[in-house]
Each structure stands twice: as structure tokens, then as C-alpha cells.
Amino acid sequence: MLGKISYGNANARDMLSLKSSVSKLPELKNILANSKAPMLKEICENLDELKDIYELINKSITEEPGITITDGNIIKKGYNEEVDKLKEASTNGKVWLVELEAKEKEETGIKNLKVGFNKVFGYYIEVTKSNLNLVPERFVRKQTLTNGERYITEELKKLEDVILGAQEKLVDLEYKIFLEVRKKISDEISRIQKTAELVAMLDVIGTFAEVAEDLNYTMPIVDDSGEINIEEGRHPVIEKMLSSGNFVPNDTYMNKSSDRLRNNYRT
């Protein structure tokens with residue numbers, strides 16, 4: 007994950023995966039705080055919860071982002087004011103047009119007036135020939151039809167610019183903001199790596215502890231006496247390879263005055 011971030015290959019979904027992992031750190035640190043083991047205490051003291059990383063991703067990245075960072079739908083509402091405005095324009099464009107149509111019908115008295123869209127001419131207000139005498143001066147003729155005329159107004163033109171440009175601007179802006187967020191996280195790579203190393207150490211320690219408890223392993227006492235004294239020694243690999251009951255534990259002893267290793271195999 008950190009490799010993808012540092013090389014600029016991480017997408018929005020990768021950010022959510024990182025957030026999910028980081029979200030577990032406070033609980034993990036809380037558990038470690040109750041431990042009496044010196045090693046776990048030391049890990050707890052050095053464990054960076056990366057709360058700022060979590061907050062940054064949580065505030066900026068939407069919960070269901072697009073697959074690629076160039077398709078939009080990656081920045082969460084409330085993170086950037088301009089993004090919010092463009093999203094509103096993109097989502098509510100149809101509502102604005104319906105409201106404008108109702109408003110123009112009421113102001114002009116043209117009951118069959120309608121607001122439409124054409125890929126060639128864009129948005130327009132269409133009026134039938136029978137109602138052309140009611141068209142106000144603020145209507146600018148845009149296209150002549152067999153049965154009527156199409157017009158544009160200053161207000162409709164502004165809406166057109168907002169609606170048509172909103173989606174394209176939104177995608178570009180979200181992409182730019184995402185790159186900024188990813189750069190901020192990339193700048194904290196060393197911190198994240200240190201935390202990852204400590205979590206990896208805990209993973210190993212936890213696995214050892216679980217195996218020791220499940221298989222009833224005993225921690226050896228290691229000192230400088232020069233003696234080896236193993237009682238009921240077992241071989242972890244061979245014991246697992248053999249069927250149950252076939253492995254016989256044995257004792258091993260060697261003192262510092264002799265290099266001879268004596269094994270007491272019991273039947």
C-alpha cells in the first residue's frame with residue numbers, strides 16, 4: 007500500500023483501505039496500555055495512532071469512490087466548497103430547469119412554454135406560433151421551427167453554463183484534490199512505516215503466544231551457564247507431521263565440562 011502511495015499509483019479505494027487499517031490503531035494501543043510486559047509497553051509508547059491520517063482520509067474521500075481517480079465521485083461532500091457547488095449543479099440541474107420553466111410560464115402567461123435541450127443548440131425555451139405575441143423582449147431568438155420559435159434568456163444561459171460545465175469541472179477538480187490528499191499522505195510515509203513495523207512485530211508476538219498456548223509450549227530460560235537441560239523436549243515440525251500419539255518427548259542434557267550430548271529417550 008505504501009509503495010503504491012509513494013509511487014503515485016494509489017487510488018481512492020486504496021485510501022479507504024489505509025483508513026480501515028489506521029482506524030484499528032487506537033483500540034490496539036488501548037489494549038497494549040494494559041499490558042505489564044516490558045516489550046509490549048515499549049511498543050505501546052512508540053505506536054503512532056496516525057489520527058491525522060485517518061481524519062484526512064475520512065473527511066476527504068467518499069465511502070463509495072469510482073474505480074479510477076479520473077472518473078470523479080471520489081471527494082466527500084463538505085470537504086471542498088467548490089466541489090459541493092459543482093455536485094449540486096450536476097445533481098440539481100434538472101430541478102433548476104423545471105423551476106425555471108414554471109417561473110417563465112407564470113411571468114409570460116404562455117401555458118405551453120417548455121424548456122428543452124438539444125446537443126447542437128444547447129438549452130432553449132420553446133414557444134409555439136400561436137403564442138409568439140406573448141414573448142417578452144428579454145427572450146433572444148435562438149432557432150426557428152416550423153411550428154414555433156426557440157429562445158434563450160440570460161438566466162437560462164447562466165444555468166446552461168453551470169450545468170454543462172459542472173460535470174467536467176467536477177471531475178477535474180476532484181482529481182486535483184485527490185492528488186493533494188495523496189501527496190499529504192505520501193509526505194508521512196516514514197511515520198506510517200514505523201507504525202506498520204510495530205504492528206508487524208505485534209503480529210509475530212501474538213502468533214507465537216497463540217501457538218504456545220494452543221500447543222502447551224514452555225518458554226526456555228536462556229543464560230550463560232553453558233548447560234543444556236531439556237525435559238520432555240518436542241520437535242514442533244516432526245510432531246505435526248506424525249500422526250497423533252506417535253511422537254515421544256525426550257530429555258537432553260549437556261554440561262559445560264563436556265561436549266558430549268546425552269539424550270534419554272523414553273519408551
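Everything in the sequence shown is counted per this note's numbering, starting at 7 for the first residue and increasing by one. We treat Cβ as the ideally placed atom computed from N, Cα and C, and that holds for glycine. Small disclaimer: the values here were computed from a predicted structure and weren't measured.
Asked                                                                                                          : Found
Start-to-end residues for the beta strand (DSSP E) that takes in Gly154                                        : 154–158
Spatial distance of Thr213 from Asp257 (CA atoms)                                                              : 27 Å
Helix, strand or coil at Phe1 according to DSSP, with G and I counted as helix                                 : Within the shown structure, residues of the chain are numbered from 7 to 273, placing residue 1 beyond reach of any answer.
Cβ neighbours of Ile244 in the same chain (closer than 8 Å, five flanking residues each side left out)         : Phe253
DSSP-derived helix/strand/coil call for Thr1                                                                   : Only positions 7 to 273 of the chain appear in the structure, and residue 1 is not among them; the question remains open.
Paired residues, beta bridge with Arg147 - DSSP                                                                : Tyr157
Span separating the alpha-carbon of Ser136 from that of Tyr157                                                 : 15 Å
Glu113, DSSP secondary structure in three states                                                               : helix
Whole-angstrom C-beta distance between Tyr130 and Lys117, which should lie under 8 Å                           : Contact flag wrong, Cβ pair sits at about 18 Å.
Buried or exposed by the 16-neighbour rule on C-beta atoms within 10 Å, applied to Arg188                      : buried
Check whether Ala18 and Pro71 have beta carbons under 8 Å apart                                                : yes
Proximal residues to Val28 (C-beta, below 7 Å), its chain only, five neighbours per side dropped               : Leu56, Ile59, Tyr60
Inter-residue Cα distance where the pair is Arg112 and Gly154                                                  : The residue you asked about is not Arg; residue 112 is Glu in the sequence shown. Answer to the nearest angstrom: the Cα atoms are 19 Å apart.
Nearest-angstrom Cβ-Cβ length linking Ile80 and Thr68, presumed shorter than 8 Å                               : 6 Å
Inter-residue Cα distance where the pair is Ala172 and Ala95                                                   : 6 Å
Beta-carbon gap between Leu119 and Leu176 smaller than 8 Å                                                     : no
Spatial distance of Ala43 from Asp178 (CA atoms)                                                               : 52 Å
Sequence-distant residues of the same chain with beta carbon closer than 6 Å to Thr273, five excluded per side : Legend: pLDDT at Thr273 = 37, less than 50; position of this residue unreliable, no value from coordinates given.
Reduced DSSP secondary structure (H/G/I, E/B, other) of Glu132                                                 : strand
Secondary structure of Val121, DSSP reduced to three states                                                    : strand
Test item: CB-CB of Ile183 and Ile11 under 8 Å                                                                 : no
Among Ile75, Gly78, Leu103, Leu24, nearest to Asn64 - alpha-carbon criterion                                   : Leu24
Endpoints, alpha helix (DSSP H) assigned at Ala18                                                              : 18–28
C-beta atoms of Pro255 and Glu233 nearer than 8 Å                                                              : no
Helix, strand or coil at Ile75 according to DSSP, with G and I counted as helix                                : coil
Cutoff 8 Å; reference Thr76; Cβ partners in own chain excluding five residues on either side                   : Val177, Tyr181
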